[in-house]
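Heads up: the structure comes next, in structure tokens.
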Amino acid sequence: MDSFFKTVGNLLPYHLLSYGALLGTELYQSFVNTKICYQALPMKEFIVLQKRLFPIYFGTQVGLTALTAATHPPYSIFSLVQDPWSVAPLAVAGLTGCLNWFIYGPRTITAMLVRRALQESENTDADPDGSKVHRANRNFARNHAMAIHLNAIAMIATVVYGFSLSATLSAGL
């Protein structure tokens, strides 16, 4: 029982839980939740759901990255700054999450809403050649592709960090 209480006072279990939650959230949101919602929901409802879900996801991704960094064993951030193989992937995951949370996520949502409104618009006289719809499609595609790529980079960085963490644990901290 004494070892249990020692473990509760150690950063390692909190670090493992925050890292596991980070990787699990990234994988679940990217490969399970989005795919199922896209297939199961009508497009209008899917857009409404994504509009609400992705800001929370990106914020959670940034928060869990920060929590993972803050609980790095054995001495929190002070241990992390001495380990460049851990700092780099966590910094990449945090930066890409922030870019998606504050820049590309909102741009993608706005572009998606504009594109959908133009596609549903019955007033085609205002855009007889379809140039507005084409520009809206291009704007959405560019921002969405950037968000997807940044999310993929974050996932790769998170997995790389897992290998760094494994190497640290194998070496005995």
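To convert, note that position 14 of the sequence shown is 13 in numbering that gives the first Met the number 0; the numbers rise steadily by one, no gaps.
Where is the CB? At the ideal position from N, CA and C, for every residue including glycine.
Outcome for residue i when other beta-carbon atoms lying within 10 angstroms are tallied against a minimum of 16
| i | result |
| --- | --- |
| L117 | buried |
| L168 | exposed |
| T67 | buried |
| G171 | exposed |
| T175 | Nothing can be reported for residue 175, as the shown portion of the chain is limited to 0 through 172. |
| F139 | buried |
| H133 | exposed |
| H148 | exposed |
| Q49 | buried |
| T6 | exposed |
| W84 | exposed |
CB-CB length for residue i against residue j, believed under 8 Å
| i | j | result |
| --- | --- | --- |
| A153 | T59 | Not confirmed; about 12 Å, so no contact. |
| A92 | T33 | Going by Cβ atoms, the distance from A92 to T33 rounds to 19 Å, so no, they are not a contact pair. |
| P72 | L16 | Not a contact, Cβ separation roughly 12 Å. |
| Y103 | A135 | The Cβ separation is near 16 Å, so there is no contact. |
| R115 | I46 | 6 Å |
| T107 | N150 | Actually they do not touch by this definition, with Cβ atoms about 11 Å apart. |
Residue-level contact to chain D via CB, residue i, 8 Å cutoff
| i | result |
| --- | --- |
| R137 | The structure shown contains no chain D; it is built from a single protein chain. |
Does the count of Cβ pairs from the segment 97-114 and the segment 162-170 closer than 8 Å reach three?
At 8 Å Cβ cutoff, the stretches do not touch.
Check whether the segment 50-67 and the segment 13-30 are in contact - that is, three or more C-beta pairs closer than 8 Å.
yes
Ignoring anything shorter than 4 residues or poking outside the segment 78-141, list the alpha helix (DSSP H) runs there in chain order.
Runs found: 83-98 and 104-119.
Only counting runs of 4 or more residues, tell me where the alpha helix (DSSP H) segments fall wholly within the segment 20-53, in order along the chain.
33-39
Taking 8 Å as the cut-off, does the segment 61-71 touch the segment 95-106 (at least 3 CB pairs, one atom from each stretch)?
yes
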